[in-house]
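Shown next, in structure tokens, is the structure this report addresses.
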Ligand code: SF4
Ligand code: F3S
Ligand code: FES
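Structure (structure tokens):
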């Protein structure tokens, strides 16, 4: 068989502090990092905490940092990591640690609550809503989000800047705002919200968010940049300036 012994360093601790602990552990062909964490848990550290649900890259629960990069543990094959090198697994850095690999991601739920729900315009006279297929399709990409919050974790605006957190919603919520802004039936002014309440202007398009998205959502190019452009267009649109007209499409 193709089993071998790997060296792991896993962060152990809680909100008070912690440290990397060494584990030497068996790896079998086809295994992912989450399998190895389970094996450490079963054989060497029964009290190690890890959050997971689906083991299929769909629930977004098992986000952590592997060798310093945000990854889903269940989707990271051992064979994709540099052979023979130690594997370092740490909790997401941007959110407070609860225990070991489990972080408190409630920052994101608070941000979600601050975005007003879809607010459709009234129905047509015949009681229906109508929208073009092309408009339906534009927002679909953003609906693939599994809320792993790795984009939020990696964004430098908040990664080491606790002080920016109150004013900045983060990439996951910029795509939510962008999706609503693109929606032909939504009546809320999402551009104004994004700019004035959710810190869109603090994003300087470093694209780190896009690089880590496991759903390959083009967060920056298809979500953030178009939203920024629409905000800018509107600022310099003379009609908008003079009459306060919305150019929302
Ligand atoms: Fe995760 Fe991508 Fe959703 Fe961000 S946009 S939370 S990286 S799935
Ligand atoms: Fe942050 Fe993504 Fe903008 S990483 S700075 S939200 S492009
Ligand atoms: Fe569900 Fe990894 S356990 S995404």
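In the numbering used here, the protein residues as written are 15 to 263. Glycine is no exception: its CB is placed at the ideal position from the N, C-alpha and C atoms.
Chain-order list of residues whose beta-carbon lies under 7 Å from that of residue i (same chain, five-residue window excluded)
i           : result
residue 231 : 155, 156, 158, 159, 189
residue 229 : 158, 159, 160
Beta-carbon proximity list for residue i, same chain, < 6 Å, skipping 5 on both sides
i          : result
residue 11 : Past the boundaries of the shown model lies residue 11; the chain is included only from 15 to 263, so the question cannot be answered.
The ligand SF4 heavy atom lying under 6 Å from the CB of residue i
i           : result
residue 80  : no
residue 227 : yes
residue 196 : no
residue 222 : no
residue 129 : no
Three-state secondary structure (DSSP) of residue i
i           : result
residue 29  : coil
residue 115 : coil
residue 65  : coil
residue 154 : helix
residue 84  : strand
residue 78  : strand
residue 234 : helix
residue 20  : strand
residue 90  : coil
residue 260 : Any reading at residue 260 is ruled out, since the residue's pLDDT is 49, under 50, leaving its predicted position unreliable.
residue 35  : strand
Cβ-heavy atom distance, residue i to the ligand F3S, below 6 Å
i           : result
residue 185 : yes
residue 219 : yes
residue 245 : no
residue 171 : yes
residue 108 : no
residue 234 : yes
Contact set for residue i: own chain, Cβ-Cβ below 8 Å, skip 5 residues either direction
i          : result
residue 58 : 37, 39
residue 33 : 25, 26, 27
residue 66 : 48, 73, 75, 76, 87, 88
Specify which residues have a beta carbon nearer than 7 Å to any heavy atom of the ligand FES, listing them in chain order. Any residue whose Cβ sits closer than 7 Å to a heavy atom of the ligand FES makes the list: 48, 66, 67, 68, 69, 70, 71, 72, 73, 74, 75, 76, 86, 87, 88, 89, 160, 162.
Only counting runs of 4 or more residues, tell me where the alpha helix (DSSP H) segments fall wholly within the region 117 to 179, in order along the chain. Fully enclosed alpha helix (DSSP H) runs of 4 or longer: 120 to 127, 147 to 152, 164 to 168, 170 to 173.
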